[in-house]
Amino acid sequence: MKDQKETEQLLSWYDARRRILPWREEPTPYHVWLSEIMLQQTRVEAVREHYARFLRELPDIHALASADEDCYLKLWEGLGYYSRIRNMHKAAVEIEERCGGEMPKTAEELVRLPGIGEYTAAAIASIAFGQPVPSVDGNLLRVWARKTASADNIKAPATVKSARAYYAERISRTRPGDYNQALMDLGATVCLPKGQPDCDRCPWSRCCSAHLDGRELDFPVVPAKASRRVEKRTVFIIHDSSHVLLHRRGDKGLLAGLWEFPGTEGVLTKSSAVQFLQEHGLKPTEIRKLPPAKHVFSHVEWRMTGYDVFADGLSALPLPEDYAAASRTDLEEIYTVPSAFAAFLNSEAIRSLL
DNA sequence: AATACGGGGTT
DNA sequence: AACCCAGTATT
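If you count the first sequence from 1, position 34 lands on 34 in the UniProt record's numbering, and the numbers rise without skipping.
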């Protein structure tokens, strides 16, 4: 093992400074797996509550494999990147059917499961099964870029390979999971992405090229981001006194399969909105413009115009399969409505639902 | 190699 | 408003 002294310094730092996190209490393969999937592009604080609630409802692989889509999607509500949980469910079914319910133990096998890439496979293999494979995430990448003063584009796949090879030669053979988690904690609490990294508290400051050169902020080298497109939409809160109309999105693309308030592309004036609703067989008795709402995704921004539409006898109406009349309880307990519609969920029309 | 895919906290 | 986060799959 290369640079054993540095590895020991890192592990000592970890023993003293590691974060206390729920998924570190009892790192079973399922616990580690679930936490790693939830943590993909998602902050620790956002995961804590979802993690606990998810585990209460679906405590093991078998429970997840047997769960309905409604159930696991609802448990994922608010976390985003919903394909993560669809893939995890698929993988759970595969593990039940092909592996006798036992999680594969090597990174090579794990990476073949849906939703598990190089990073997650290595994280599970090292943390749950003690295999010496580096789990290179954004933290390990940033620490590596500074430690080696790498001028490579941090996002490029070839750069990730370099970092992986670097850590593979140095990872602790006795405590591989702790080695990986130590670097994650170091990146999250000391070797911060923005602002001044706290090099005084870093166990690797004396072997870090960027720090020794006083150039911490020159690394990592991050490419410019693609610009975001803007989409204008009109959203209808169609309701009577007890129910509101929901539409299930298609099974591909953004927010696939989730429930939304029905709407259409573009901005409709009140009169064209009334016409639009009538063309779709609805007879609004009252219509009222709502304050505009905006929702920003990574790659697209929605600018939404909303109308509060009172439609008598909504719950008695025959509806196509991808529509539903939801009660307040349904909204809270059954249908997964993504955060993009939070402004409308908070509208008076919804709040006054019986 | 680039883009799609969520949501929210930080700066 | 831009940046970032315990990334993966698809194009």
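Note that the Cβ used here is the ideal one computed from N, Cα and C, for glycine as well.
So what does residue i bridge to, in DSSP terms?
| i | result |
| --- | --- |
| V230 | E301 |
| T264 | T234 |
| V221 | N153 |
| I287 | V309 |
| K74 | In the DSSP output, where bridge partners are listed per residue, K74 has none listed. |
| H239 | V244 and F310 |
| H295 | W302 |
So residue i and residue j are in contact, right, with Cβ under 8 Å, and what is the actual spacing, rounded?
| i | j | result |
| --- | --- | --- |
| A168 | P134 | 5 Å |
| R173 | P132 | 5 Å |
| T234 | L268 | 4 Å |
| E7 | R170 | According to the sequence provided, residue 7 is Thr. The question's Glu does not apply to it. Indeed they touch by this definition, with Cβ atoms about 6 Å apart. |
| P114 | A91 | 5 Å |
| V136 | R164 | 5 Å |
Whole angstroms is fine: what's the gap from residue i's alpha carbon to residue j's?
| i | j | result |
| --- | --- | --- |
| residue 385 | H50 | The shown model of the chain, from 1 to 354, leaves out residue 385, and the question about it has no answer. |
| L110 | A125 | 8 Å |
| H31 | H89 | 14 Å |
| T98 | R112 | Note on identity: in this sequence residue 98 is Arg, with Thr being the wrong assignment. Whole-angstrom Cα-Cα distance: 13 Å. |
| residue 357 | G138 | Here the chain comprises residues numbered 1 to 354, so residue 357 is not present and cannot be evaluated. |
| V230 | A340 | 14 Å |
| L118 | A107 | Here residue 118 is Glu; the residue named in the question, Leu, does not match the sequence. Taking the straight line from one Cα to the other gives about 8 Å. |
| E57 | H247 | 26 Å |
| V47 | I116 | 18 Å |
| K161 | M103 | 26 Å |
| S83 | Y335 | 17 Å |
| E157 | P318 | Reading off the sequence shown, one finds Pro at residue 157, where the question assumed Glu. Looking at the two C-alpha atoms, the distance is approximately 51 Å. |
| A63 | Y72 | 10 Å |
| V44 | N346 | 26 Å |
Does the separation of the CB atoms of residue i and residue j fall below 9 Å?
| i | j | result |
| --- | --- | --- |
| residue 376 | L282 | Residue 376 lies beyond the stretch modelled for the chain, which goes from 1 to 354, so this question has no answer here. |
| I95 | A67 | no |
| L75 | T42 | no |
| K294 | M304 | yes |
| A324 | L245 | yes |
| P284 | V300 | no |
| C208 | K252 | no |
| N180 | A123 | yes |
| L183 | L140 | yes |
| G27 | G177 | Rather than Gly, the amino acid found at residue 27 in this sequence is Pro. Result yes, Cβ atoms of P27 and G177 sit closer than 9 Å. |
| K155 | V222 | yes |
| G266 | K232 | yes |
| L39 | F54 | no |
| G306 | P320 | no |
Legend entry - Cβ pair count under 8 Å reaching 3, the segment 322-335 against the segment 218-237: Taking 8 Å as the limit for Cβ pairs, the verdict is that the segment 218-237 does not touch the segment 322-335.
Legend entry - Cβ pair count under 8 Å reaching 3, the segment 183-192 against the segment 251-260: No, the segment 183-192 is not in contact with the segment 251-260.
Legend entry - Cβ contact check for the segment 296-315 and the segment 240-255: 3 or more pairs under 8 Å: yes
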